[in-house]
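Participant:
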Amino acid sequence: MTVNGLKIFEFDQVSSTFSVAKELLKQHEKGVVIAKSQTCGKGKGERKFVSNDGGLYFTIFYKNLQFNPSFALKSVINAGLSVYDVLVSLGFDAKLKWPNDVLINGKKVCGILCETLTCADKTDFMCGVGINVNTTCFDEFEDIATSLFLQNGAKVDINQFAKTVIQKVLQNLFDESDKQIQFFNASKMLGKTVLVTDVNESYKVQINGLSQDGFLCGLRDGVQTKIICGDVKEV
């Protein structure tokens, strides 16, 4: 099976599709790893991404790309917009949370992680996407996570849904056009105050836009600033 010319590697359960993709990069130029569940799903900052049965978990990988590593954040934004567009087309009131989450009714329904491995002038690239589709159990994360099924009570055909989402992500992943305005509008964050927490400090920022390279921007104590890293939470 292929999607947009990429071979699909399907598994019932893996440690993480990211880990499998890293191994497949040793023998394949490109492809998509799909799993029904993950035992050690990878989230932002080495956090665990809950990956129970009923979800869609996949990683798109490419070997030896002529790729600017600084584009990694924009690829996250492109992937997020792709998932957002699919969910909205299905009638869900979705919202993007910078930089890598999709929410429905304030709860996380999708997480995205892009990673580059650079050697000399060649870059291996991976984009992992996890979507809670028909998932019903989130263990200790039930207060912050949801699924499409829990939102509307209707089971989704995961195979068809996977094809639609993967095609949309592949269509947009390396699009270099400016999508910051689309992402920012979908995040509904204009004028919102957020608490930014990184390893060194916590501070509040009143959000007013995204930079051309995809970073969240706003006023910190009246001074325009760019949020480079850290967790962002509306207050």
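The sequence shown begins at 378 in the numbering used here and counts up one residue at a time. Idealized CB from N, CA, C, for every residue including glycine.
(1) Start and end of the alpha helix (DSSP H) containing F395?
(2) If we ignore side chains and look at the alpha-carbon of each, how far apart do V409 and G507 end up?
(3) Relative to the C-alpha of G432, which residue among L525, Q557 and L572 is closest?
(4) Would you report the Cα separation of N562 and D555, rounded to the nearest angstrom?
(5) Quick one: which unbroken alpha helix (DSSP H) runs of 4-plus residues sit fully inside the segment 434 to 475? Chain order, please.
(6) Quick one: what's got a C-beta closer than 7 Å to N381's C-beta in the same chain, skipping five residues either side?
(7) Is the beta carbon of K484 closer than 7 Å to that of T513?
(8) Under 8 Å: do the segment 491 to 502 and the segment 437 to 457 share three or more Cβ pairs, one atom per stretch?
(9) DSSP has Q613 in a bridge; who is on the other side?
(10) Can you give me the start and stop residues for the beta strand (DSSP E) that I508 sits inside?
(11) Taking K569 as the reference, give the member of G488, N549, V542 and L593 with the closest Cα.
(12) Report the option in E400, Y434, F395 and Q404 whose CA atom is closest to the CA atom of D389.
(13) If you drop the 5 nearest sequence neighbours on each side, which residues of the same chain put their C-beta closer than 8 Å to that of T541?
(14) Rounded to a whole number of angstroms, what is the C-alpha to C-alpha distance between L450 and G530?
(15) What does I481 pair with, by DSSP beta-bridge criteria?
(16) Of the choices D520, F448 and T436, whose alpha-carbon is the least far from that of V539?
(17) For the beta strand (DSSP E) containing N585, name the first residue and the last one.
(18) How big is the Cα-Cα spacing for S564 and Q404?
(19) Checking the sheet assignment: what are the DSSP bridge partners for F386?
(20) Starting from V542, follow the alpha helix (DSSP H) in both directions and report where the run begins and ends.
(21) Along the chain, where does the alpha helix (DSSP H) containing L527 start, and where does it finish?
(22) For M378, decide whether its Cβ has a neighbour in chain D, counting only Cβ atoms nearer than 7 Å.
(23) Let me know the secondary structure DSSP gives A608 once reduced to three states.
(24) DSSP three-state label for Q404, please.
Facilitator: On the basis of the coordinates in this document:
(1) F395 -> alpha helix (DSSP H) spans T394 to L401.
(2) Between V409 and G507, the C-alpha separation is close to 13 Å.
(3) Nearest of L525, Q557 and L572 to G432, Cα basis: L525.
(4) 13 Å
(5) Whole alpha helix (DSSP H) segments, 4+ residues: 449 to 466.
(6) Q544 and L547
(7) In this structure, the beta-carbon distance from T513 to K484 does not fall below 7 Å.
(8) yes
(9) Past the boundaries of the shown model lies residue 613; the chain is included only from 378 to 612, so the question cannot be answered.
(10) K499 to I508
(11) L593
(12) Y434
(13) V463
(14) In a straight line, the C-alpha of L450 is about 33 Å away from that of G530.
(15) A471 and K484
(16) Correcting the residue identity first, residue 539 is Ala in this sequence and not Val. Out of D520, F448 and T436, T436 has the C-alpha closest to the C-alpha of A539.
(17) S579 to L587
(18) 38 Å
(19) V410
(20) V542 -> alpha helix (DSSP H) spans I535 to N549.
(21) L525 to N529
(22) Going by chain labels, chain D is absent from the structure shown, which holds only one protein chain.
(23) One detail in the question is off: residue 608 reads as Asp in this sequence, not Ala. Strand at D608.
(24) Note: Q404 maps to coil in three-state DSSP.
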